[in-house]
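Below: the structure, in structure tokens.
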Amino acid sequence: MVENIFTLLMLIILQAVLGFDNLLYISLESKRAPAHKQKMVRSVGIGIAIALRIILLYVLVNVIQYFREPFLELDSELLSGAISVHSLIVFFGGAFILYTAVKEIFHLVYLEEHEGQEQRSQSTFKTIMMIVLMNLIFSFDSILSAMALSEVFWVMAAAIIISGGMMIWLADGVSKFLAKNRLYEVLGLFILFLVGVMLLSEGGHLAHLQLFGNHITPMSKTTFYFIIFILVVIDIVQGRYQKKLIANRTPSKNH
Numbered sequence: 002m003v004e005n006i007f008t009l010l011m012l013i014i015l016q017a018v019l020g021f022d023n024l025l026y027i028s029l030e031s032k033r034a035p036a037h038k039q040k041m042v043r044s045v046g047i048g049i050a051i052a053l054r055i056i057l058l059y060v061l062v063n064v065i066q067y068f069r070e071p072f073l074e075l076d077s078e079l080l081s082g083a084i085s086v087h088s089l090i091v092f093f094g095g096a097f098i099l100y101t102a103v104k105e106i107f108h109l110v111y112l113e114e115h116e117g118q119e120q121r122s123q124s125t126f127k128t129i130m131m132i133v134l135m136n137l138i139f140s141f142d143s144i145l146s147a148m149a150l151s152e153v154f155w156v157m158a159a160a161i162i163i164s165g166g167m168m169i170w171l172a173d174g175v176s177k178f179l180a181k182n183r184l185y186e187v188l189g190l191f192i193l194f195l196v197g198v199m200l201l202s203e204g205g206h207l208a209h210l211q212l213f214g215n216h217i218t219p220m221s222k223t224t225f226y227f228i229i230f231i232l233v234v235i236d237i238v239q240g241r242y243q244k245k246l247i248a249n250r251t252p253s254k255n256h
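2 is the number of the first residue of the sequence shown in our numbering; add one for each residue after it.
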């Protein structure tokens with residue numbers, strides 16, 4: 002029992018670390034819903050995703066070998082590899098996140114805020130479904146990591162439920178922070194862009210893909226978090242430098 006409790010604590014920490022990118026996506030995606038429904042959208046979306054995660058956990062425990070078993074072999078000079086269900090889910094999840102990040106960055110650059118406001122009232126159900134779908138895609142790594150640490154189903158299920166509750170609690174705080182500090186939204190979108198690249202590389206690695214004879218290697222979590230750290234530092238330094246420039250220009254204008 003003591004061993005199971007210790008494993009549960011480890012899994013909760015693991016779920017929290019792996020769930021950072023998921024939390025960021027949820028906070029950005031929920032903005033598409035009407036303002037008075039955004040909190041509900043996040044809670045309902047994460048709640049449904051938690052239930053589906055437990056079902057997915059049960060399925061993976063029993064049929065994990067079929068998800069990893071290749072069903073399509075590619076062998077050409079341009080592209081070769083062995084495609085599995087797991088690799089496809091991760092690959093297309095990464096492609097969709099990459100598309101979402103690029104689209105939102107494009108909207109920010111061209112200031113299409115009013116168009117987004119007009120579409121928000123029609124997107125509540127779609128927003129919930131997107132949160133659920135992407136939550137499931139993000140959950141594959143965390144579930145497989147949990148299965149590597151424990152074979153006890155209730156321990157893994159409890160870690161999913163507790164981490165899901167923490168995600169519901171933190172999502173509101175992250176969303177409010179981004180709403181009050183709109184400049185950090187750009188940083189969040191570029192982090193989401195990195196998540197897409199990481200999942201694409203992971204999907205290619207799981208499928209053992211070779212492009213022009215070169216193996217596709219996955220981006221490590223260490224590299225991912227190091228790049229995030231650098232982006233945050235750059236954003237902080239640039240923000241302070243910009244405030245300093247504005248402060249220096251203000252006296253000269255008055256003069």
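No residue lacks a Cβ here, since even glycine has one placed at the ideal position from N, Cα and C. The structure presented is a predicted model; accordingly, all values stated were derived computationally and were not measured.
Just to confirm, is the Cβ distance from G46 to N136 under 9 Å? Contact flag set, yes.
Coarse secondary structure for G94, derived from DSSP in three states: The DSSP-derived three-state label of G94 is helix.
When the Cα atoms are used, what is the spatial distance from V62 to G204? So the alpha carbons of these two residues sit roughly 20 Å apart.
Would you kindly report the start and end of the unbroken beta strand (DSSP E) that includes S81? DSSP places S81 inside the beta strand (DSSP E), whose first and last residues are L80 to I84.
Outcome for V175 when other beta-carbon atoms lying within 10 angstroms are tallied against a minimum of 16: V175 is buried by the Cβ-count criterion.
Go ahead and pull the three-state DSSP assignment for K246. In the sequence as displayed, the identity of residue 246 is Leu instead of Lys. L246 falls in the helix class under three-state DSSP.
Could you give the C-beta distance for T101 and A34, rounded to a whole number, given that I count them as a contact under 8 Å? Going by Cβ atoms, the distance from T101 to A34 rounds to 15 Å, so no, they are not a contact pair.
Does the Cβ-Cβ distance between R54 and I161 come in under 9 Å? In terms of Cβ geometry, R54 and I161 form a close pair [threshold 9 Å].
Which of the three DSSP states is assigned to N215 in this structure? Of the three classes helix, strand and coil, the one that applies to N215 here is strand, per DSSP.
For L89, which residues from the same chain have a beta carbon less than 6 Å from its beta carbon, with the 5 sequence-adjacent residues on both sides left out? Cβ within range, chain order: n/a, list empty.
Under the three-state reduction of DSSP, which class applies to E186: helix, strand or coil? If DSSP states are grouped into helix, strand and coil, E186 belongs with the helices.
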